[in-house]
Every structure is written in structure tokens, then in C-alpha cells.
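Below: one structure, written as C-alpha cells.
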Amino acid sequence: GRRRPASFTLRSLALFLIVALNAYALSSVGTTAAYYLDGEVLKGNSYIAGSVDFTLSSSPYSPLETALGLAPGTVVTRTVSVIPEQGTNTFWYHASSTNFGADLDFCESLSLTSSLEGIQNYKGSLNNFVSPATTTLTTWQFDISTDSALYNKVCTFDVEFTAWQERHNVPGFTEIGYYDIEKETNKIASQGLRLNKV
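In our numbering, the protein residues as written are 1 to 198.
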């Protein structure tokens with residue numbers, strides 16, 4: 001047979017290599033992505049976690065002599081204001097009676113009428129006092145009385161104000177967020193010893 005010239009074989013080989021390399025290069029091309037990018041920086045930011053913080057301001061019992069000798073049918077009054085500290089988060093809060101001491105039989109005989117902003121929110125036994133939750137920040141009035149003729153007795157107790165963050169909109173301070181508890185200490189005495197004439 002006839003031999004092909006070497007130049008034909010080299011040209012065929014070169015053409016084969018060109019086609020093969022182009023096919024390989026085209027098969028390895030992936031997705032091409034292009035986009036614009038810009039970055040901006042805002043300096044001088046400051047983030048501070050809020051808190052719930054308040055204080056109490058109270059008046060002495062009125063009339064004072066009644067608080068030192070509470071007799072059946074008499075009423076003794078005390079006012080307490082809830083004052084938020086500067087920068088505090090807004091909050092829910094409620095009041096309750098706690099930490100009873102001394103003569104517990106006298107404590108159990110005491111009745112309480114509680115008012116906030118002139119509106120009564122509780123009337124009943126002092127021992128069971130828990131007010132509804134509120135966001136109203138104004139003066140509370142507590143009227144205490146007894147129907148029992150007990151002598152030489154003393155009742156000590158706290159009125160406890162418990163507050164929690166309003167933003168969570170849950171009427172219970174154990175649910176979530178910051179909270180604060182402040183107490184107002186109280187002491188009421190019953191009427192003194194009476195001697196009957198013989």
C-alpha cells in the first residue's frame with residue numbers, strides 16, 4: 001500500500017489535540033457570577049441593657065394613735081407611692097402582703113381596703129392581700145381595721161411591690177425579663193390592756 005506523508009499524520013494529530021483540548025476546556029467551565037459590592041460602616045453605636053427599678057415613698061399611719069391602739073370599728077390609713085427610677089423600662093407591678101410576725105391571731109383579725117388612684121382594687125383579709133397587676137404609677141391608699149376586741153397585740157408585716165417588664169406583656173413577674181421587688185415594713189398594735197372596776 002501507499003504510505004501517507006508524515007506531514008499529514010502530524011496535521012491530523014495536531015487537529016485531534018486541538019479538538020480534544022477545546023472539548024476538555026469547555027466541559028470544565030462552571031457558572032460565572034459577577035456582582036457589585038459596597039460596604040458601609042456606622043460608627044459610635046452604643047447599646048445598653050435596660051432594667052426595672054423603682055423606689056417607694058410612704059406616709060406614716062394616720063391617725064398615729066390609732067395605729068398604736070387599734071380598736072374595733074376604727075380605721076388607720078397609710079399611703080405608699082411607687083416611683084420609677086430614671087432610665088427604667090416601663091413595668092407591670094402588683095402589691096401583696098407578706099412576712100407576718102408577732103401576734104398572728106391579731107394579724108388574722110385585720111381587714112384591708114386598698115385603693116389606687118382613688119379606685120378600690122381590694123377589700124378583704126390583710127393576710128390574703130394580692131392586688132391586680134397594673135401599670136398605673138400613682139399613690140396607693142391602705143385602710144386597715146379590725147372587728148376583734150384583742151388587747152396588747154402587735155402585728156408586723158410587709159407590703160411587697162413586685163414589678164416586671166411591660167414589654168413582654170405577661171401579667172406575672174416570674175415569666176420573663178427584668179424585675180424588681182421593694183417592701184414597705186408595717187407595724188400595728190391593738191388596743192391596750194383594760195382593767196375592769198371591781
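The C-beta atom is built at its ideal place from N, Cα and C for all residues, glycine as well.
Asked	Found
Figure out for me which residue from Lys153, Leu116, Phe157, Cys107 has the closest Cα to the Cα of Leu137.	Leu116
Going by C-alpha distance, which of Gln165, Thr185, Trp140 is nearest Val80?	Trp140
If we count Cβ pairs, one from each stretch, closer than 8 Å, do we get three or more for the region 64 to 76 versus the region 119 to 129?	no
With a cut-off of 8 Å on the beta carbons, I'd call Phe106 and Lys153 a contact; round off their distance for me.	3 Å
At the level of alpha carbons, what is the spacing between Gln191 and Val82?	31 Å
Start and end of the alpha helix (DSSP H) containing Asp143?	Here Asp143 belongs to no alpha helix (DSSP H); instead the beta strand (DSSP E) covers 139 to 146.
Taking the alpha helix (DSSP H) that Ala67 falls in, what are its first and last residues?	64 to 67
Buried or exposed for Thr162, going by 16 or more other Cβ atoms inside 10 Å?	buried
Expressed to the nearest angstrom, what Euclidean distance is found between the alpha-carbon atoms of Leu126 and Pro132?	15 Å
Buried or exposed: which applies to Leu10, given that a residue is buried once 16 or more other Cβ atoms fall within 10 Å of its Cβ?	exposed
Closest to Phe157 by CA distance: which of Asn128, Thr134, Glu166 is it?	Asn128
What would DSSP say about Asp180, mapped onto helix, strand or coil?	strand
Hey, Asp53 and Thr88: beta-carbon distance below 7 Å or not?	yes
Let me confirm a value: Val159 is counted as buried when at least 16 other C-beta atoms fall within 10 Å, else exposed. Which label applies?	buried
Suppose contacts are defined by Cβ-Cβ distances below 7 Å. Is Gln165 in contact with Tyr178 by that definition?	yes
From this set, Thr66, Asn186, Ser62, Val41, which residue's C-alpha is nearest Thr146's C-alpha?	Thr66
Whole-angstrom Cβ separation of Ser97 and Thr77, contact assumed at under 8 Å?	In fact, because the Cβ distance is near 16 Å, the residues do not count as touching under 8 Å.
Which class does Asn128 belong to by DSSP, given the choice of helix, strand or coil?	helix
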